[in-house]
Structure formats: C-alpha cells, structure tokens
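Asker:
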Amino acid sequence: MSEKKTYGFTTTILHNDRHKPIEHGSLHKPIHTSVAFGYTDARQLASVFQGKEPGFRYGRQGNPTISALEDKVSKMEDGVATLCFGTGMAAIGALFQALLKAGDAIVSSSFLFGNTNSLWQTVAGQGVDVAFVDATDVTQVEAALTPNTRMVFVETIANPRTQVADLARIGELCRERGILYVVDNTMTSPWLFRPKSVGAGLVVNSLTKSIGGHGIALGGALTDTGLFDWSAYPNIAPNFRKQPAQAQGMAQLRAKALRDFGASLGPEAAHHIAVGAETLALRMTRTCANALALATMLEADERVAKVHYPGLASHPQHGIVTSLFRAGGSLLSFELHEAIDPFDYLNRLRLAIPASNLGDNRTLVIPVAHTIFFEMGAERRASMGIAESLIRVSVGIEDTDDLVKDFRQALDA
Ligand SMILES: *Cc1c(COP(=O)(O)O)cnc(C)c1O
120 MSEKKTYGFT TTILHNDRHK PIEHGSLHKP IHTSVAFGYT DARQLASVFQ GKEPGFRYGR
180 QGNPTISALE DKVSKMEDGV ATLCFGTGMA AIGALFQALL KAGDAIVSSS FLFGNTNSLW
240 QTVAGQGVDV AFVDATDVTQ VEAALTPNTR MVFVETIANP RTQVADLARI GELCRERGIL
300 YVVDNTMTSP WLFRPKSVGA GLVVNSLTKS IGGHGIALGG ALTDTGLFDW SAYPNIAPNF
360 RKQPAQAQGM AQLRAKALRD FGASLGPEAA HHIAVGAETL ALRMTRTCAN ALALATMLEA
420 DERVAKVHYP GLASHPQHGI VTSLFRAGGS LLSFELHEAI DPFDYLNRLR LAIPASNLGD
480 NRTLVIPVAH TIFFEMGAER RASMGIAESL IRVSVGIEDT DDLVKDFRQA LDA
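If you count by this note's numbering, then the sequence shown holds residues 120 to 532, one letter each, in order.
1. Please state whether DSSP places residue 456 in a helix, a strand or coil.
2. If you measure from each residue's Cβ to the nearest non-hydrogen atom of ligand 1, which ones come out under 7 angstroms, in chain order?
3. With the cut-off set at 8 angstroms, would you say residue 423 and residue 390 are in Cβ contact?
4. With distance defined between alpha-carbon atoms, name the residue in 187, 304, 261 nearest to residue 274.
5. If we count the other Cβ atoms within 10 Å of its Cβ and call it buried at 16 or more, is residue 143 buried or exposed?
6. Taking the alpha-carbon positions, what's the residue 584 to residue 315 distance?
7. Classify residue 240: buried if its beta carbon has 16 or more other beta carbons within 10 angstroms, exposed otherwise.
8. Counting Cβ pairs closer than 8 angstroms, one from the stretch 176-189 and one from the stretch 382-401, do we hit at least three?
9. Scan the stretch 241-316 and note each continuous alpha helix (DSSP H) run of 4 residues or more that stays entirely inside, going in chain order.
10. In the DSSP assignment, what residue or residues form a beta bridge with residue 485?
11. Determine, using beta carbons only, whether residue 199 and residue 365 come nearer to each other than 8 angstroms.
12. Are residue 196 and residue 404 close, meaning C-beta to C-beta below 8 angstroms?
13. In the structure shown, what three-state DSSP assignment does residue 438 receive?
14. Closer than 6 angstroms by C-beta to residue 294: which residues in its own chain qualify, once you throw out the five before and the five after it? Chain order, please.
15. Can you say whether residue 433 is buried or exposed, counting buried as having 16 or more other CB atoms within 10 angstroms of its CB?
16. Between residue 217 and the rest of its own chain, which residues show a CB-CB distance below 7 angstroms, the 5 nearest in sequence each way excluded?
17. Quick one: complete alpha helix (DSSP H) runs, 4+ long, within the stretch 393-423?
18. In terms of DSSP beta bridges, what is residue 177 paired with?
19. Put residue 120 into one of helix, strand or coil per three-state DSSP.
20. Work out the CA separation of residue 447 and residue 278 for me, nearest whole Å.
21. Taking residue 213 as part of the beta strand (DSSP E), name the residues at either end of that continuous run.
22. Quick check for students: name the residue ranges of the beta strand (DSSP E) that lie wholly in the stretch 322-358, counting only runs of 3 or more.
23. Identify, in the order they occur along the chain, each residue of the same chain with its Cβ nearer than 6 angstroms to the Cβ of residue 156, setting aside the five sequence neighbours on each side.
24. What residues match up with residue 426 in a beta bridge as DSSP calls it?
25. Grouping DSSP H, G and I as helix and E and B as strand, with all else coil, what is residue 475?
26. Just how far apart, CA to CA, sit residue 120 and residue 487?
27. For residue 333 versus residue 234, is the C-beta spacing smaller than 8 angstroms?
28. What residue range is occupied by the uninterrupted alpha helix (DSSP H) comprising residue 225?
29. Give a yes or no on whether 8 angstroms exceeds the smallest Cβ distance from residue 231 to chain B.
30. Taking only three categories from DSSP, how would you classify residue 128?
31. Would you call the stretch 224-232 in contact with the stretch 248-266, where contact means no fewer than 3 C-beta pairs closer than 8 angstroms?
32. Hey, how far is the Cα of residue 276 from the Cα of residue 490?
33. Between the stretch 436-443 and the stretch 492-501, are three or more C-beta pairs nearer than 8 angstroms?
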C-alpha cells in the first residue's frame, strides 16, 4: 500500500502495518516472541549494534511486533518516534531513569494520576526537586521554573477530578524557555487531542487504557513529537550526542529505560493493544457521548451534589475543551448528596462494575478516596481537590440508555 498523508485517523491506523511487507501477506503484524535475532553476516550484527543500520538486537530493546505498534502510536500522535514500555507507569518512570539527574528540577501539575504522584515523591527523595503546581494556571507554572528546571509535566484531563491543564499557554511558556514539555495524553488519547498541537516535546500514553480499550493488556508509550531540540538538553550522554539532534532523546531513552532498566513491553500485549487501537476513534466517539449523557443526567438530579465532567458547560475549563479537544472525554466523577452512602450507591449499580481501570469498554466505578487515593492521606487528597465521597466513573461503550438508566435506578432505590 502506498503511503498517503491524506488518510484519516482510523484508515491510517488500520492499514499501517502494510506499509512494510508482512510475512505471508498476513493482515496483522504477527506476534514475534523470539528474544534473539540471528544474522548470516556477523559484520551486519556488529553494524546493527553500532546503530549504523536498522535491525533488532535483543528482545529487551524491541522486536518486530513492538516496532509495528510503536510506528502506529507515532502515527496516532503525529510524532517522529515512539518507544513502548511494559506499562504506562514504566513510560513515565523512563523520564526519570533516562533524562533526570540529582540536582535537576521538574515542575509537575499537582492534579495527577495517583501513581505518578507517588513516583514524583520517590524522584524527590533521590535528589530531583519536584515543584507541584496548579497547572490550570500558567502563571503558577511560570513562577515555579528555576534555572535547573528540565521538564514541565502535565496531564490533559486530570484523573479523577477532571481539571484541564492550561495546555496551550504552558506550551508557549516551555517553548520560550527551551524547556521540555511532557504531556500525559492518556485521558484524552490521540483521538481527542494531539499534544504536539500545543508544543509538547514528549507525549505519554498508557496503552492499557483507551488505546487498548479491552482491558486485557498493560502497556505504555513515549512519543517524540520532533518539536524539542535535544541538542540543548543538558543530560544527553556523549555517546548519544553522536546521533542527529532529533534522535538523541529517544536513543538515550531506549538505551537507559529499555536496555538498562528493562521496562519492556511483551509481544503478546503489544499485539492485543495494536488490535484495540484499530477501533479507538469509534469507541471514543461512543464513550464520550455516553459520558456527556450521564454527566448531564447526574448534574440535573438534586440527589447529586457535584459533577465533574469537562464536556459540561459548567466545568471551569470547558473553554479549553471546546477549543482543543474533539469531545469531553470518557471520565467523569461526582459527589452524591451527603445523605446517600457512596458504597451503598455503588452496590446498587447493576451494569457499572466497581473496578480500578480506565478506558475499558465496560463502565467502571470506584470510590476514589478509599481506594486509589487512599495511601496519600486526607491532607494531600484535599490539596488535590478530591472529596472523601468522590465516585469516579470510567464510561464504557454500553448503549447510552442502559447506562443512564442504571445510574438513575441506583439513585431512586
Ligand atoms: C493509568 C494511567 C497511567 C499509568 O498507566 P498504566 O498502564 O496503568 O501503568 C498514567 N497516567 C494516567 C493519566 C493514567 O490514567
């Protein structure tokens, strides 16, 4: 198939494997499980190791199945290169492993996925200064920058309270100051939003979530958008400086985070994720419509105290959503009137399942303060705007009426 830049999102993903010949005309890139790759010419093996020609060395640093998925994620994000990892957290951990040194500083949104929050605490304990700021306000990001700031890290829509970072202004600020801008795009997915459009240098995706959709495989990815000038990044080791400027960041990430740290994605998981990714746009269209219907119903009900959903006009950053995203996303959270026990409410739901994944095809619910944000304690929860009664809903692809009825009958009961 000849490459055409004009194809839409789904066409591109669906046919992407066929840009390179696939064994036996197979329509899917097969699952390659071989750890080692044999060469008939030992000189070629040497030149692959020296990065002089393309090829695979050892499974920890990649294989043909992973590579096909990396290429797909690059297309989704309109990036120049992608590295896949065993989980989304491994992709975020790679930033620390490969790009930061003691004495460096980072500025991070304080509205964060709980495990990223915990990881940044670990990073802070190892000599990197971590400044947490309200990233809905670019002036707070600016005020936290120091001469040692190496990166600014934000999520698009924060989980679980759905704050939306001031993505475009933070991008401008990072560009002016020459700082690496890292955007975790998991909650929006490249279908709703491409962080490259606001100047991100690196994009994080948890492939476990909407990109896979099925909830049967863990995975993560880092995509280089090509916008960041790695020749100006202080922590690139001399060995990787030999590469062209655009490739230096990914070369160091592949070596330090995959080869040395071993946070690699398995080929079976990569295959599951690649199959899921084919329907990302179709599924997100449905989950976003379902989420809006559910949020609208909940907001109108007096038994519900608060609804947080970026697709609602009442959401504080709704303006950013309408200007940057295709839709408001598949995640919402809400607080019930205090007379209703949130656990009893959750137990009355018949379709929505109490479980802790996101971006699953099935609707999942979780009482946030008692589960995923329990460990951090009440004080930090309060600083992140998380009420003790908050219920998070990851909205699935069920038929809209069924879903709205389920959440209503649990209120009525
Ligand atoms: C789930 C999630 C992650 C971590 O991804 P895993 O694949 O579960 O490790 C990172 N960031 C965000 C925003 C997430 O929702």
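Cβ coordinates follow ideal geometry from the N, Cα and C atoms, glycine included.
Answerer: If we stick to the structure as given:
1. In the sequence shown, residue 456 corresponds to position 337, counting from 1. Looking at residue 456 - three-state DSSP - the assignment turns out to be coil, as it is neither helix nor strand.
2. That query returns the following residues: 206, 207, 208, 209, 211, 232, 234, 235, 274, 278, 303, 305, 306, 323, 325, 326, 327, 328, 337, 338, 339, 477.
3. Start at 1 with the first residue of the sequence shown, and residue 423 comes out as number 304. Start at 1 with the first residue of the sequence shown, and residue 390 comes out as number 271. At a Cβ-Cβ threshold of 8 angstroms, residue 423 and residue 390 do not count as neighbours.
4. By 1-based counting over the sequence shown, the position of residue 274 is 155. Among 187, 304, 261, the Cα nearest to that of residue 274 is on 304.
5. Along the sequence shown, read from residue 1 onward, the residue named residue 143 stands at position 24. Counting Cβ neighbours within 10 Å, residue 143 comes out exposed, since fewer than 16 surround it.
6. Because the chain in this structure spans residues 120 to 532, residue 584 falls outside the shown range and cannot be described.
7. Sequence index remark: in the sequence shown, residue 240 carries index 121 (1-based). With fewer than 16 other Cβ atoms within 10 Å, it is exposed.
8. Contact between the stretch 176-189 and the stretch 382-401 is established, with three or more Cβ pairs separated by less than 8 angstroms.
9. Listed in chain order, the complete alpha helix (DSSP H) runs (minimum 4 residues) inside the stretch 241-316 are 257-263, 286-296, 308-311.
10. In the sequence shown, counting from the first residue as 1, residue 485 sits at position 366. Paired residues: 511.
11. Within the sequence shown, the letter at position 80 stands for residue 199. Within the sequence shown, the letter at position 246 stands for residue 365. In contact: residue 199 and residue 365 (Cβ atoms closer than 8 angstroms).
12. Walking along the sequence shown from the start, residue 196 turns up at place 77. Walking along the sequence shown from the start, residue 404 turns up at place 285. Contact: no.
13. Against the sequence shown, residue 438 aligns to sequence position 319. It is helical.
14. Here the question's residue 294 lines up with position 175 in the sequence shown. Excluding sequence positions up to five before and after residue 294, its CB lies within less than 6 angstroms of the CB of 318, all in the same chain and listed in chain order.
15. Working through the sequence shown from its first residue, we reach residue 433 at position 314. Only exposed fits residue 433, as fewer than 16 other CB atoms lie within 10 angstroms of its CB.
16. Within the sequence shown, residue 217 is the residue found at index 98, counting from 1. Excluding its 5 nearest sequence neighbours in each direction, residue 217 has C-beta neighbours in its own chain below 7 angstroms: 371, 372, 375, 376, listed in chain order.
17. Complete alpha helix (DSSP H) runs here, min 4: 399-419.
18. Working through the sequence shown from its first residue, we reach residue 177 at position 58. According to DSSP, which records beta bridges pairwise, residue 177 is partnered with 155.
19. Working through the sequence shown from its first residue, we reach residue 120 at position 1. With a pLDDT of 49 at residue 120, under the threshold of 50, the predicted position of this residue should be treated as unreliable, though the coordinate-derived value follows. Residue 120 falls in the coil class under three-state DSSP.
20. Walking along the sequence shown from the start, residue 278 turns up at place 159. Walking along the sequence shown from the start, residue 447 turns up at place 328. If I take the Cα positions, the gap works out to 13 angstroms.
21. Residue mapping note: residue 213 aligns to position 94 of the sequence shown, counting from 1. Looking at the DSSP string, residue 213 is not in any beta strand (DSSP E); the run it does join, the alpha helix (DSSP H), is 207-218.
22. Scanning the stretch 322-358 for uninterrupted beta strand (DSSP E) segments of 3 residues or longer gives 339-343, listed from N- to C-terminal end.
23. In the sequence shown, residue 156 corresponds to position 37, counting from 1. Take residue 156, set aside five residues on each side of it, and the residues of its chain with a beta-carbon closer than 6 angstroms to its own are 175, in chain order.
24. Translated into positions along the sequence shown, residue 426 becomes position 307. Under DSSP, residue 426 forms a beta bridge with 453.
25. The count along the sequence shown starts at 1 and reaches residue 475 at position 356. Of the three classes helix, strand and coil, the one that applies to residue 475 here is coil, per DSSP.
26. The residue you call residue 120 lines up with position 1 of the sequence shown. The residue you call residue 487 lines up with position 368 of the sequence shown. For residue 120, the predicted model reports a pLDDT of 49, less than 50, meaning its position is unreliable and no value from the coordinates is stated.
27. Here residue 333 refers to the residue found at position 214 of the sequence shown. Here residue 234 refers to the residue found at position 115 of the sequence shown. Not closer than 8 angstroms, so no.
28. Here residue 225 refers to the residue found at position 106 when the sequence shown is read from its first residue. Premise fails: residue 225 lies in the beta strand (DSSP E), 224-228, not in any alpha helix (DSSP H).
29. In the displayed structure, chain B is absent; only one protein chain is listed.
30. Your numbering for residue 128 matches position 9 in the sequence shown. Here residue 128 sits in helix by DSSP.
31. Cβ pair count under 8 angstroms is three or more, so yes.
32. Here residue 276 refers to the residue found at position 157 of the sequence shown. Here residue 490 refers to the residue found at position 371 of the sequence shown. Computed Cα separation, rounded: 20 angstroms.
33. Pairwise C-beta distances place the stretch 436-443 out of contact with the stretch 492-501, as fewer than three of them are shorter than 8 angstroms.
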